[in-house]
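Numbering (our numbering), first residue to last: 91 to 339. Ideal Cβ positions, reconstructed from N, Cα and C, are used throughout, including at glycine. Notes follow once the structure below has been shown.
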Ligand code: 1GP
């Protein structure tokens, strides 16, 4: 086992930011997948997240291909129990704490618990918080839960602290893939200041300026997917921005 969580803690300690490129198996196929992989070979992000809230494509062969072709660590970011694959390096074991739907707090978990335990995968228990991002997200629709309002940073922090107190390892603030607005820096900063766990932020990040702002606000890991489906070559700029973060400060 690679101990990816240890690496996250170490980089956080050094204030080195981390980038995760999200690959949605349904969207990233054919020529888009080829050009994405071509960029990932020369510009290696810290992690590749594989998954989505609604995915019909089997992912084992995609993970095999990514492992063969890239050096990034592959982390499952599953929308449901069917998306479990032993082939990944780690699994974000997500609990949708912002919602009140037991299916995404424990239901999907028990469907896959034994298979996960028997596998050799690193399990990273993660409190997953959906934040309003300017439009109805797939997570909101599929999970049948409401996001935390964009300006309610106190609610976001209290929910994040539930993750900490129940022994989870990460908190993920999610505006939803393709969000019109990414999570507000004020909310990220507020949660960061009241939380001891590493913080992941994703959804609707479209530019390297936005990426820097999110890092400045206190995110340890940023997740970007949608914009790379429009132009995979942008991965290189986002990787560079992450590597150079803090060097000029
Ligand atoms: C979605 O946070 C991720 O789960 C990434 O969002 O696709 O909008 O970059 P985007």
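Item                                                                                                                                                              : Value
Cβ-heavy atom distance between residue 219 and the ligand 1GP below 7 Å?                                                                                          : no
To the nearest angstrom, report how far apart residue 107 and residue 310 are at their CA atoms.                                                                  : 5 Å
Roughly how many angstroms lie between the CA atoms of residue 216 and residue 254, to the nearest whole one?                                                     : 9 Å
Tell me which residues share the same chain as residue 122 and place their Cβ nearer than 8 Å to its Cβ, disregarding the 5 neighbours each side in the sequence. : 319, 322
Among residues of its own chain, excluding the 5 on either side of residue 225, which ones have a beta-carbon nearer than 6 Å to its beta-carbon?                 : 270
Does the beta-carbon distance from residue 196 to residue 167 come in below 8 Å?                                                                                  : no
The beta strand (DSSP E) that contains residue 185, what's its start and end?                                                                                     : 180-186
With distances taken from CA atoms, which of 169, 159, 134 is nearest residue 142?                                                                                : 169
Less than 8 Å between the beta carbons of residue 240 and residue 212, yes or no?                                                                                 : no
Residue 137: buried (16+ other C-beta within 10 angstroms of its C-beta) or exposed?                                                                              : buried
Span of the alpha helix (DSSP H) holding residue 298?                                                                                                             : 298-307
On the DSSP letters alone, give me the boundaries of the alpha helix (DSSP H) that residue 332 sits inside.                                                       : 324-333
Tell me the rounded alpha-carbon separation between residue 155 and residue 173.                                                                                  : 17 Å
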